[in-house]
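Okay, so here's the structure we're looking at.
There are 2 protein chains.
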Amino acid sequence: MKKGMTRREWINRSATLFGGSLLGAVTGVKSINAATINSLSNKPVRMMLNENPYGPSQIARRAMRKAFGESNLYSMRGAKAEFKELMAKLNGVTPAHIAVGFGSGEILKKSALMNGIDKGELLSPSLTFETINRYAKTMKSNVKRIPMKNDIGIDLNRMNENINRRTKMIYLCNPNNPTGMLMNTDDLESFCLQVSSKAIVFVDEAYHEYVTDPNYRSMIDLVKSGKNVIVSRTASKVHGLAGLRVGFAISTPQIVKRLESYLTDSLNIVGLRAAIASYQDKRFQTHSVDMNNKAKKVVADYLDTKGIQYLDSQTNFMFIKTDIDISDFQPAMEKYGVLVGRPFLPFTNWCRLSMAKPEQMQKFNDGFGKVLR
Amino acid sequence: MKKGMTRREWINRSATLFGGSLLGAVTGVKSINAATINSLSNKPVRMMLNENPYGPSQIARRAMRKAFGESNLYSMRGAKAEFKELMAKLNGVTPAHIAVGFGSGEILKKSALMNGIDKGELLSPSLTFETINRYAKTMKSNVKRIPMKNDIGIDLNRMNENINRRTKMIYLCNPNNPTGMLMNTDDLESFCLQVSSKAIVFVDEAYHEYVTDPNYRSMIDLVKSGKNVIVSRTASKVHGLAGLRVGFAISTPQIVKRLESYLTDSLNIVGLRAAIASYQDKRFQTHSVDMNNKAKKVVADYLDTKGIQYLDSQTNFMFIKTDIDISDFQPAMEKYGVLVGRPFLPFTNWCRLSMAKPEQMQKFNDGFGKVLR
């Protein structure tokens, strides 16, 4: 794999491996993917995009089938209102505090758009999830990147020092992606309290449901007290609905209203119905988190035996210091049937490994063992 | 119904009638819709949002069920490439000419965004589909509205006269919504040829598949010859997939590339799979168009007997001069079990009527007869 491959290229490549159906048979269009698919005797395990290997739940699938009957209609507003009401109830806010997006990706992009229209500079850690930064650049906004601390954590002090009059939004992913690490909750809360009078703090809590640290708190409480904070959440992770595209923001009614004016403002009814069902399916969520923790333990135990460094992950992935260049590590692991995460610059000797099912993680350990030899 | 109700309010109201499921039973959240639903002994027929009463097709539903297995994955890029390839083949262009959007609504909004970033003024007929104009205003762009001709057609000469240096995009819906009327193809083609050197012409062909006029041609040929034209299409109409949100633009590779940078850039896999299946299901499309023409005839025959004016519709709706204020007409028709279209200012004495199944259209005729008495 080439160095510097973008996330898009990497996903495209992954999609080519798995996404194709055999269109050719019906239309005479030569499927671009058929050759690639046929050359695979045994599908490698996806450990590269932080997906839930168990989802969508059976309850969500049932809701999806039921939604087919509404799928010819422009009638998702009722379902959207219902989703907002449910999210409000589950998070102790009102529906006016909720903006629904086409995945939290849309929330991130439209927040970047909002910031761009305000001619604001975005402040962002140097190692984090890139969607908001990339869209800000598309909007020709400046993005100021703050280096990580020595422990690869987010440097809140340094972020604070770098706020100036042009700063209108600050992006923080907690737990962070690709490190999986939490910020200290009290530090983060203090930072938000201090800074939110000057700029909107966007706290991406995509992995919220996976956090096991008892000291963790969501930043939603700050939203409740009216601070300029946007918390984003997604149905793509623990709910296993990444392909359905449902995410949401929790913020003050003022910010929600403004954000909504930029959103595409309609969702797919199948995704909405799936999310409404899945967020009420506590058993599935608990099962997904339990299995994720088991999967992490399978890998952590192996890495501990080998004395290999990894960060304390509160998510469904682990950031591992393989000491092998990721551009070599990726194809090597693929040979052993495992697809690992894309490169995260400048951490080229690290690998982000998404959790598959616990019983599949041994495949990573075995492959890694062979690559290490 | 209040005068001046916005489209959003109207859809919200419709959604309240039909979109709600009984969330309350599971979560203890009081469903906002339950009361409304229970009070309806007999659902009124939806003739208000230009939906296909037959969709999604069985073949699309099968593809949707199959897509559940991919719904936990971020792997829609393969399906998206497949969809682009299919649209390219069906329209005689290359995949580089296709931008896929979350419904053609997203294509419209992001075109408005693109125009806004160029600081362009949008030129638009005074009576047309409002999505692009509304988003342009959200982007604080100026929208210059051109009055209709006496026959309620789009006045291309006057549009041409109003192009100035600030005009960067021109919106034309063909056939137009809510009139259902086509522009003369030769006139439109000449207009596009002349004007596209100065501004991008956005031709919204959402109702393309319903056109029966043998003189009609899509403006795709102009795209093929490299003109600055964007043609938009949608799976929401003849394919009956409005709730799944799949639309696309056909434009030059240069414009497509730029437009794509603003798009949310991921679709839902269930919608994509449904659209790929449905666009290959010629029988379903033909059946939908045939039934639509039968439905229009049921109404047209009735209106002819009564001597009531209506426009020549090449779509799945009709614009009818009821001579009754739409704010009175809507609730009156609802009483007779028919939901008709929202107000289109300043044509307050007209009604946009979407086609349901032919056998349901008699209900409109009967109700209208009673309202007229």
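Protein chains in written order, with the numbering used here: chain A, 1 to 373; chain B, 1001 to 1373.
Backbone N, C-alpha and C fix where the C-beta goes; we use that ideal spot for every residue, glycine too.
Residue(s) in a DSSP beta bridge with residue i
i, result
"Gly1247 of chain B", "B:Gly1101 and B:Thr1234"
"Asp204 of chain A", "A:Cys173 and A:Ser232"
"Leu339 of chain A", "A:Arg46"
"Cys351 of chain A", "A:Ile320"
"Val143 of chain A", "A:Leu122"
"Thr1167 of chain B", "B:Glu1121"
Under 7 Å from the C-beta of residue i: neighbouring residues of chain A
i, result
"Gly1103 of chain B", "Ser266"
"Ser1071 of chain B", "Pro56, Leu241, Gly243 and Leu244"
"Arg1061 of chain B", "Phe68"
"Lys1109 of chain B", "Thr264"
Residues that residue i contacts on chain B, provided the C-beta gap is smaller than 8 Å
i, result
"Glu106 of chain A", "Thr1264"
"Ile269 of chain A", "Gly1243 and Leu1244"
"Thr65 of chain A", "Residue 65 of chain A is actually Arg in this sequence, not Thr. Neighbours of Arg65 of chain A on chain B, chain order: Arg1065."
Residue closest to residue i, alpha-carbon to alpha-carbon, out of the options
i, options, result
"Phe1319 of chain B", "B:Glu1334, B:Lys1335 and B:Leu1345", "B:Leu1345"
"Ala1060 of chain B", "B:Asp1328, B:Tyr1216, B:Ser1278 and B:Thr1348", "B:Ser1278"
"Asn52 of chain A", "A:Asn293, A:His239, A:Val256 and A:Ala249", "A:His239"
"Val1195 of chain B", "B:Gly1120, B:Val1229 and B:Leu1339", "B:Val1229"
"Gln309 of chain A", "A:Val270, A:Asp281 and A:Cys351", "A:Cys351"
"Leu1267 of chain B", "B:Ala1067, B:Asn1050 and B:Leu1049", "B:Ala1067"
"Ser1232 of chain B", "B:Lys1257, B:Ile1220 and B:Leu1241", "B:Ile1220"
"Thr1322 of chain B", "B:Asn1157, B:Leu1372 and B:Met1087", "B:Leu1372"
"Glu260 of chain A", "A:Gly69, A:Ala112 and A:Tyr54", "A:Ala112"
"Gly247 of chain A", "A:Ser225, A:Gln254 and A:Gly271", "A:Gly271"
"Val1338 of chain B", "B:Glu1359, B:Gly1367 and B:Asp1328", "B:Gly1367"
"Leu241 of chain A", "A:Arg342, A:His97, A:Ala206 and A:Pro331", "A:Ala206"
"Ala63 of chain A", "A:Asp281, A:Asp186, A:Asp213 and A:Ser218", "A:Asp281"
"Gly1120 of chain B", "B:Gly1369, B:Lys1198, B:Lys1257 and B:Gly1341", "B:Lys1198"
"Tyr968 of chain B", "B:Gly1369, B:Gly1307 and B:Pro1343", "Nothing about residue 968 of chain B can be reported from this structure: the residues present for chain B run from 1001 to 1373 only."
"Asp411 of chain A", "A:Ser225, A:Asp204, A:Met181 and A:Ile200", "Beyond the ends of chain A as shown, which are 1 and 373, falls residue 411 of chain A; an answer cannot be given."
"Thr1160 of chain B", "B:Val1256, B:Ile1200, B:Arg1258 and B:Phe1129", "A small fix is needed here, since residue 1160 of chain B is Asn in this sequence, not Thr. The shortest C-alpha separation from Asn1160 of chain B is found at B:Ile1200."
"Gln1285 of chain B", "B:Tyr1302, B:Arg1065, B:Asp1186 and B:His1208", "B:His1208"
"Ser1104 of chain B", "B:Asn1184, B:Gly1307 and B:Thr1264", "B:Thr1264"
"Thr94 of chain A", "A:Ile117, A:Asn176 and A:Lys224", "A:Lys224"
"Gln58 of chain A", "B:Lys1297, B:Ser1190 and B:Gly1069", "B:Gly1069"
"Gly1341 of chain B", "B:Leu1073, B:Gly1092, B:Glu1106 and B:Phe1129", "B:Phe1129"
Partner residues on chain A for residue i, Cβ-Cβ distance less than 9 Å
i, result
"Leu1049 of chain B", "Leu73, Tyr74 and Ser75"
"Lys1119 of chain B", "Here the premise fails: no neighbours, minimum Cβ distance about 12 Å."
Beta-carbon gap between residue i and residue j smaller than 8 Å
i, j, result
"Ser1236 of chain B", "Ala1099 of chain B", "no"
"Ile1152 of chain B", "Asn1162 of chain B", "no"
"Leu1311 of chain B", "Ala1274 of chain B", "no"
"Asn1164 of chain B", "Ser1141 of chain B", "no"
"Leu127 of chain A", "Thr179 of chain A", "yes"
"Thr138 of chain A", "Leu108 of chain A", "no"
"Ile154 of chain A", "Phe202 of chain A", "no"
"Glu334 of chain A", "Pro125 of chain A", "no"
"Met48 of chain A", "Phe364 of chain A", "no"
"Ser71 of chain A", "Pro1056 of chain B", "yes"
"Lys149 of chain A", "Cys192 of chain A", "no"
"Leu156 of chain A", "Asn174 of chain A", "no"
"Phe1317 of chain B", "Met1355 of chain B", "yes"
"Ile276 of chain A", "Phe83 of chain A", "yes"
"Thr1305 of chain B", "Ile1326 of chain B", "no"
"Tyr1262 of chain B", "Lys1168 of chain B", "no"
"Ala295 of chain A", "Pro358 of chain A", "yes"
"Pro253 of chain A", "Ala88 of chain A", "no"
"Tyr210 of chain A", "Asn292 of chain A", "yes"
"Ile1269 of chain B", "Ala1079 of chain B", "yes"
"Tyr1054 of chain B", "Ser1218 of chain B", "no"
Under 8 Å by beta carbon: chain A residues contacting residue i
i, result
"Ser1261 of chain B", "Thr138"
"Asn1052 of chain B", "Asn72"
Within-8 Å CB hit, residue i to chain E
i, result
"Glu334 of chain A", "Protein chains in the displayed structure are A and B, and chain E is not among them."
Q | alpha helix (DSSP H) runs wholly inside the region 255 to 324 of chain A, at least 4 long, in chain order | A | 269 to 279 and 282 to 306
Q | In chain order, each alpha helix (DSSP H) run of at least 4 residues that lies wholly inside the region 71 to 128 of chain A | A | 76 to 91 and 103 to 117
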